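Novice: Offset between the sequence shown (1-based) and my numbering: plus 495. Ideal Cβ placement from N, Cα and C applies to all residues, glycine included. Since this is a predicted model, take the numbers as computed values, not measurements.
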Amino acid sequence: MMKAVGVIVEYNPFHNGHAYHLQAAKETAHADIAVAVMSGNFLQRGEPALISKWYRTKMALLNGVDIVLELPYRFATQKAETFANGAISILDAIGCHSLCFGSESGDISSFLETVDYLDRHKDRFDENIKMNIKSGVSYPKALSLSFQSLSSPENLLSLDKPNNILGFHYVKALNQQNSSIIPLTVKRKNADYHDEHFATETIASATSIRKALFSAKEKNSSIEQYVPDASSTLLKEYLAVYGNFHEWENYWSYLRYRLLHISPEELREIYEVEEGIEHRLIAAALDSSNFKEFMQKIKTKRYTWTRLQRICVHILTNTKKAEMKSTPEKAAYLRLLGMTKNGKEYLNKYKSQFSLPLISKLSAYKGNDIFLDIRASRVYSFGLENQTRDNLLRQEYKQPPIYIE
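Below, the structure is given as structure tokens:
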């Protein structure tokens, strides 16, 4: 029997910290293969991925992942709870034995005890969250404050750290879905999630790597010691093929056009546009010359930068509330992006037992969720110049799953 460990990732881009986590996941789980559920072209923090999902898939496969499955747009561009539910449902459907995630804690017992504790105090915890949100703070801050008002046992988790929060929601999702997957965690090494500067000689956060890539005169020269050779090679190749990396500024003119050619009433139909923020968005678009300036104008205490970026993604992709209404906890399909020889062996051996359909061709599946993925990929291609845009646009339909011997 082949044992699979699951990892939930974005690989934006794949760096040495990811390599450490992946190796530790396989060793800790005593796994034969690693299955990655990876966000598509738009990410949980409301950002376009640095490079396309196909290049990030290749990075993953060349660095030790055996199967890469896409986390649908419906889940990938959502708050932590929804993001976690979608990813866990995919790992469960493909038969993973365990899940291993990185955390600031590094102690799985603290996650298990925290989830159990909050489950037993759910009504009070949820009420505290609502009260804190009414006071004008963001949801993540409300979560942290509500937890602090409850916590007293010694071995509870710190819920003011980004990876601890994600890990908490992974374990919570496992419980809610009655999954048999065993949760495991490894302590994050050196660099913090949001670090913008290089912390050590070999480990750096994806945030600091992206910052260096966008600021460097030679786009790849300053990050090579922080990424595996395969990642460095593929980043250079992406630049050579497509001429640019993707960032929000590439999409600013399209977002601004959308905001200046839509009525407030129409804007209110877009997913996550709530509480009259449509007027603030339109006014800021009229008076901003770039995306960063726009974001600084719309930022409030109640709305985190991440939530605002997710709203912008939904505006850019024209994702409406009616399409996302009653988002299910579980994914509807397994979109295969790539596999190794070992991954192919696992799929051939167990695919008849999967609880969701495995999709390797877009034509093999019809449904609203996958149309959201297709539309997001179409919009993502507009972050490139005209001559390279069509190539990426066609890839969504013509690219078979990537295979690495």
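Any idea what DSSP makes of L652, helix, strand or coil?
Specialist: For this step, residue 652 is matched to residue 157 along the sequence shown. Correct three-state label for L652: coil.
Novice: Per DSSP, which residues does P678 bridge with? Please list them.
Specialist: As a working note, residue 678 is residue 183 in the sequence shown. L594, per the DSSP bridge assignment.
Novice: Taking contact to mean 3 or more Cβ pairs, one atom from each stretch, closer than 8 Å, check whether the region 696-711 and the region 747-755 are in contact.
Specialist: The region 696-711 vs the region 747-755: no contact.
Novice: A898 bridges to which residues according to DSSP?
Specialist: What you label residue 898 is simply residue 403 of the sequence shown in a count that begins at 1. Residue identity differs from the one stated: residue 898 is Tyr in this sequence, not Ala. Its beta-bridge partners are M834.
Novice: My understanding is that L640 touches F606, with C-beta atoms under 8 Å, so please give their C-beta distance in whole angstroms.
Specialist: As a first step, residue 640 is located in the sequence shown; it is residue number 145 there, counting from the start. As a first step, residue 606 is located in the sequence shown; it is residue number 111 there, counting from the start. Contact flag wrong, Cβ pair sits at about 20 Å.
Novice: Figure out for me which residue from L879, K893, S727, K820 has the closest Cα to the Cα of N511.
Specialist: For this step, residue 511 is matched to residue 16 along the sequence shown. With distances taken between Cα atoms, N511 lies closest to S727.
Novice: CA-CA distance, T814 and L762?
Specialist: As a first step, residue 814 must be located in the sequence shown, where it is residue number 319. As a first step, residue 762 must be located in the sequence shown, where it is residue number 267. Each residue's alpha carbon lies about 10 Å from the other.
Novice: Nearest to F642 by alpha carbon, out of I624, G631, K816, E649?
Specialist: What you label residue 642 is simply residue 147 of the sequence shown in a count that begins at 1. Cα-wise, what sits closest to F642 is I624.
Novice: I need the DSSP call for L734, collapsed to helix, strand or coil.
Specialist: Taking the first residue of the sequence shown as position 1, residue 734 is located at position 239. Three-state DSSP puts L734 in a helix.
Novice: On the CB-based measure, 16 or more other CB atoms within 10 Å of its CB, does A524 come out buried or exposed?
Specialist: In the sequence shown, the residue the question calls residue 524 occupies position 29. Classification for A524: buried.
Novice: By Cβ distance below 7 Å, which residues in the same chain neighbour P896 in space, the five residues on each side in sequence not counted?
Specialist: Mapped onto the sequence shown, residue 896 falls at position 401. These residues qualify, in order along the chain: L831, L832, G833, M834, S855.
Novice: So if DSSP puts M533 in a beta bridge, which residue, or which two residues, is it bridged to?
Specialist: Within the sequence shown, residue 533 is the residue found at index 38, counting from 1. V504, E565, per the DSSP bridge assignment.
Novice: Give the DSSP-derived three-state secondary structure of K826 in the structure shown.
Specialist: As a first step, residue 826 is located in the sequence shown; it is residue number 331 there, counting from the start. The question names Lys, yet the displayed sequence has Ala at residue 826. Residue state, collapsed to three classes: coil.
Novice: Assuming contact is defined by CB atoms lying nearer than 8 Å, are S635 and L867 in contact in what I supplied?
Specialist: Taking the sequence shown and counting its residues from 1, the one referred to as residue 635 is at position 140. Taking the sequence shown and counting its residues from 1, the one referred to as residue 867 is at position 372. Contrary to the premise, residue 635 reads as Pro rather than Ser in this sequence. No, these two residues do not count as a Cβ contact at 8 Å.
Novice: Counting pairs of Cβ atoms below 8 Å between the region 615-630 and the region 536-549, do you hit three or more?
Specialist: Not touching, per the Cβ criterion.
Novice: Per DSSP, which one or two residues make a beta bridge with A499?
Specialist: Within the sequence shown, residue 499 is the residue found at index 4, counting from 1. Paired residue(s): I528.
Novice: Under 7 Å Cβ to Cβ from K878, same chain only, skipping five residues before and after it: list those, please.
Specialist: The residue you call residue 878 lines up with position 383 of the sequence shown. The question names Lys, but residue 878 in the sequence shown is Gly. Closer than 7 Å at the Cβ level, and outside the excluded window around G878, lie P543, H741, N745, Y746.
Novice: Who are the Cβ neighbours of L517 in its own chain at under 8 Å, not counting the five residues just before and after it?
Specialist: Here residue 517 refers to the residue found at position 22 when the sequence shown is read from its first residue. Hits under 8 Å: V502, A529, N558, G559, V560.
Novice: Just mark H774 as buried or exposed, buried being the case when its beta carbon has 16 or more other beta carbons within 10 Å.
Specialist: Looking up residue 774 in the sequence shown gives position 279. Flag for H774 reads exposed.
Novice: If you follow the alpha helix (DSSP H) that K625 is in, where does it begin and where does it stop?
Specialist: Residue mapping note: residue 625 aligns to position 130 of the sequence shown, counting from 1. Here the alpha helix (DSSP H) through K625 covers 617-629.
Novice: Smallest Cα separation from P508: which of M554, V500, V532?
Specialist: Mapped onto the sequence shown, residue 508 falls at position 13. Checking every option, the nearest Cα to that of P508 belongs to M554.
Novice: Using CA atoms only, rank isn't needed, just tell me which of L829, I772, E824, E840 is closest to C807.
Specialist: Sequence index remark: in the sequence shown, residue 807 carries index 312 (1-based). With distances taken between Cα atoms, C807 lies closest to I772.
Novice: Do M497 and Y841 count as a contact pair if the criterion is CB distance below 8 Å?
Specialist: Here residue 841 refers to the residue found at position 346 when the sequence shown is read from its first residue. Here residue 497 refers to the residue found at position 2 when the sequence shown is read from its first residue. The answer is yes: Cβ separation under 8 Å.
Novice: What does DSSP give as the partner residues of Q765 in its beta bridges?
Specialist: By 1-based counting over the sequence shown, the position of residue 765 is 270. The identity of residue 765 in the sequence shown is Ile, whereas the question assumes Gln. Note: I765 sits in a beta bridge opposite K815.
Novice: Take every Cβ of the region 868-875, pair it with every Cβ of the region 725-739, and state whether three or more of those distances are shorter than 8 Å.
Specialist: Because the criterion of three Cβ pairs below 8 Å is not met, the region 868-875 and the region 725-739 do not touch.
Novice: Compare the beta carbon distance of C591 and A520 with 8 Å and say whether it is the shorter of the two.
Specialist: As a position in the sequence shown, residue 591 is number 96, starting the count at 1. As a position in the sequence shown, residue 520 is number 25, starting the count at 1. It is not a contact, given that the beta carbons lie outside the stated cut-off.
Novice: Three or more C-beta pairs closer than 8 Å, one from the region 773-790 and one from the region 572-587: is that the case here?
Specialist: Verdict: no, contact absent.
Novice: Can you look up L556 in the DSSP assignment and give me helix, strand or coil?
Specialist: To locate residue 556, count along the sequence shown from 1; it is residue 61. Looking at L556 - three-state DSSP - the assignment turns out to be helix.
Novice: Have a look at V563, F578, I589 and flag the residue whose alpha-carbon is nearest the alpha-carbon of T822.
Specialist: The count along the sequence shown starts at 1 and reaches residue 822 at position 327. Closest option to T822, Cα to Cα, is F578.
Novice: When DSSP labels each residue in this structure, what does I757 get in the three-state scheme?
Specialist: Numbered from 1 along the sequence shown, position 262 holds the residue referred to as residue 757. DSSP places I757 in coil when its eight states are reduced to three.
Novice: Is the Cβ-Cβ distance between R873 and L857 less than 8 Å?
Specialist: On the sequence shown, position 378 is the one that residue 873 refers to. On the sequence shown, position 362 is the one that residue 857 refers to. No, the Cβ-Cβ distance between R873 and L857 is not below 8 Å.
Novice: Candidates A514, D885, L851, E788: which alpha carbon is nearest Y721's?
Specialist: As a position in the sequence shown, residue 721 is number 226, starting the count at 1. Answer by Cα proximity: A514.
Novice: Ordered along the chain, which non-local residues of its own chain (more than five positions away) have a Cβ less than 7 Å from that of F789?
Specialist: Counting from one through the sequence shown, the residue named residue 789 turns up at place 294. Closer than 7 Å at the Cβ level, and outside the excluded window around F789, lie A779, A780, S783.
Novice: Assuming I793 contacts Y828 under a Cβ cut-off of 8 Å, what Cβ separation, rounded to an integer in Å, is found between them?
Specialist: For the purposes of this step, residue 793 is taken as the residue at position 298 of the sequence shown. For the purposes of this step, residue 828 is taken as the residue at position 333 of the sequence shown. In fact, because the Cβ distance is near 35 Å, the residues do not count as touching under 8 Å.
Novice: Can you name the residues that DSSP bridges to L853?
Specialist: Here the question's residue 853 lines up with position 358 in the sequence shown. L853 pairs with L829.
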